[in-house]
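Peer 1: Take a look at this one; I'll ask things after.
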Amino acid sequence: METAQPRHTRTPRGTLSRQLLLDTAMEIVDIGGVGGFSMRALGARLNIDPTAVYRHFRTKNELLEALADRVVRGDEPLPHTGDPRADLRETFAQLRGSLLRHPTLAPIVLRRPPGGEASWERTNHAIGLLRQAGLPDRQASDAYTTLLFYTLGHALTEARHTAATIARKGPDATVTPITAIGSSASRYPHLAAVADHLAADMREQFHDGLTLILSALAI
1 METAQPRHTR TPRGTLSRQL LLDTAMEIVD IGGVGGFSMR ALGARLNIDP
51 TAVYRHFRTK NELLEALADR VVRGDEPLPH TGDPRADLRE TFAQLRGSLL
101 RHPTLAPIVL RRPPGGEASW ERTNHAIGLL RQAGLPDRQA SDAYTTLLFY
151 TLGHALTEAR HTAATIARKG PDATVTPITA IGSSASRYPH LAAVADHLAA
201 DMREQFHDGL TLILSALAI
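In terms of the UniProt record's numbering, the sequence shown has 177 at position 177, counting the first letter as 1, and numbering is strictly consecutive.
Here it is as structure tokens:
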């Protein structure tokens, strides 16, 4: 007996929009990864001719760029408390959180040049906070790049490590960078000495690293 294939309700004529396409594309990418996404898959999910997508996005890459920009934008408004240090912490914590909610898009965000509206908005906001904290323009630029690459790298490492741990041990596995060094402690004494700290909560590690960077900048 054949298994019935799921059928998607046809999208009503005149209701197809960039917003609907991006919402649906995000669902596909979150579940199957970027490698599982295609215009054909998007068309099938919405029960439309795939060529209809090209009226809104010229290429698949353009659509993926728009998804990446949506991830950078996040779900929360940028902070404006008047405290540059607190607002910087929250700004980059928001970016990390959004990347981890959509880990399959993290590599695209990492390698794409800034160009979307959300990227410019977040960049402008962060650099404004650094200037508000008293950093001269050149140092504000360098500080922003450092904070951005730290956040992107940390989130990408977390996403990959989490996926690998779950694949190896199942969805209920405890995710830690180093779980046990065991008999290798004598070969790596310095690593053994800090192993308990390396196995700490990744969110806590991220915020501790952020504190180190901001303190070094005297913010």
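We treat Cβ as the ideally placed atom computed from N, Cα and C, and that holds for glycine.
So for residue 83, helix, strand or coil by DSSP?
Peer 2: By 1-based counting over the sequence shown, the position of residue 83 is 83. It is coil, neither helix nor strand.
Peer 1: Find out if the Cβ-Cβ distance for the pair residue 159, residue 100 is shorter than 8 Å.
Peer 2: On the sequence shown, residue 159 is found 159 positions in, with the first residue counted as 1. On the sequence shown, residue 100 is found 100 positions in, with the first residue counted as 1. Cβ distance < 8 Å, so residue 159 and residue 100 count as in contact.
Peer 1: If I measure Cβ to Cβ from residue 28 and keep anything under 8 Å in the same chain, skipping five residues before and after, which residues do I get?
Peer 2: Residue numbering aside, residue 28 sits at position 28 when the sequence shown is read from its first letter. Excluding residues within five positions, the ones whose Cβ falls inside 8 Å are 36, 37, 41, 42 and 45.
Peer 1: For residue 197, does the three-state DSSP call read helix, strand or coil?
Peer 2: Walking along the sequence shown from the start, residue 197 turns up at place 197. Of the three classes helix, strand and coil, the one that applies to residue 197 here is helix, per DSSP.
Peer 1: Tell me the rounded alpha-carbon separation between residue 25 and residue 206.
Peer 2: Reading the sequence shown from its first residue, position 25 is the one you call residue 25. Reading the sequence shown from its first residue, position 206 is the one you call residue 206. For residue 25 and residue 206, the distance between alpha carbons rounds to 29 Å.
Peer 1: DSSP three-state call for residue 46: helix, strand or coil?
Peer 2: Numbered from 1 along the sequence shown, position 46 holds the residue referred to as residue 46. Correct three-state label for residue 46: helix.
Peer 1: Can you grab the Cα-Cα spacing for the pair residue 139 / residue 213, in whole Å?
Peer 2: Counting from 1 along the sequence shown, the entry for residue 139 is found at position 139. Counting from 1 along the sequence shown, the entry for residue 213 is found at position 213. Residue 139 and residue 213: Cα-Cα distance of roughly 13 Å.
Peer 1: Any idea if residue 102 is buried or exposed, counting beta-carbon neighbours within 10 angstroms, 16 or more meaning buried?
Peer 2: Taking the sequence shown and counting its residues from 1, the one referred to as residue 102 is at position 102. That one is buried.
Peer 1: Count the other C-beta atoms from every protein chain shown that fall within 10 angstroms of the C-beta of residue 68, then say buried if there are 16 or more, exposed otherwise.
Peer 2: Locating residue 68 in the sequence shown gives position 68, where the first residue counts as 1. Answer is buried; the Cβ neighbour count reaches 16.
Peer 1: Exposed or buried, residue 130, counting other C-beta atoms within 10 Å across all chains shown (16 or more means buried)?
Peer 2: In the sequence shown, counting from the first residue as 1, residue 130 sits at position 130. Burial call: buried.
Peer 1: Between residue 56 and residue 21, how many whole angstroms is the CB-CB distance? I'm expecting something under 8 Å.
Peer 2: As a working mapping, residue 56 is identified with position 56 in the sequence shown. As a working mapping, residue 21 is identified with position 21 in the sequence shown. Going by Cβ atoms, the distance from residue 56 to residue 21 rounds to 6 Å, so yes, they are a contact pair.
Peer 1: What did DSSP end up calling residue 56 once you bin it into helix, strand or coil?
Peer 2: To locate residue 56, count along the sequence shown from 1; it is residue 56. Note: residue 56 maps to coil in three-state DSSP.
Peer 1: For residue 95 and residue 75, what's the separation of their Cα atoms in angstroms?
Peer 2: Residue numbering aside, residue 95 sits at position 95 when the sequence shown is read from its first letter. Residue numbering aside, residue 75 sits at position 75 when the sequence shown is read from its first letter. Roughly 10 Å between the two C-alpha positions.
Peer 1: CB residue 123 to CB residue 144, shorter than 8 Å?
Peer 2: By one-based count along the sequence shown, residue 123 stands at place 123. By one-based count along the sequence shown, residue 144 stands at place 144. Cβ distance < 8 Å, so residue 123 and residue 144 count as in contact.
Peer 1: How many whole angstroms separate the CB atoms of residue 119 and residue 72, which I take to be in contact at a CB cut-off of 8 Å?
Peer 2: As a working note, residue 119 is residue 119 in the sequence shown. As a working note, residue 72 is residue 72 in the sequence shown. Confirmed, Cβ separation roughly 5 Å.
Peer 1: For residue 226, which residues of its own chain have a beta-carbon under 8 Å away from its beta-carbon, when the five flanking residues on both sides are left out?
Peer 2: As displayed, the chain neither begins before 1 nor continues past 219, which places residue 226 out of reach and without an answer.
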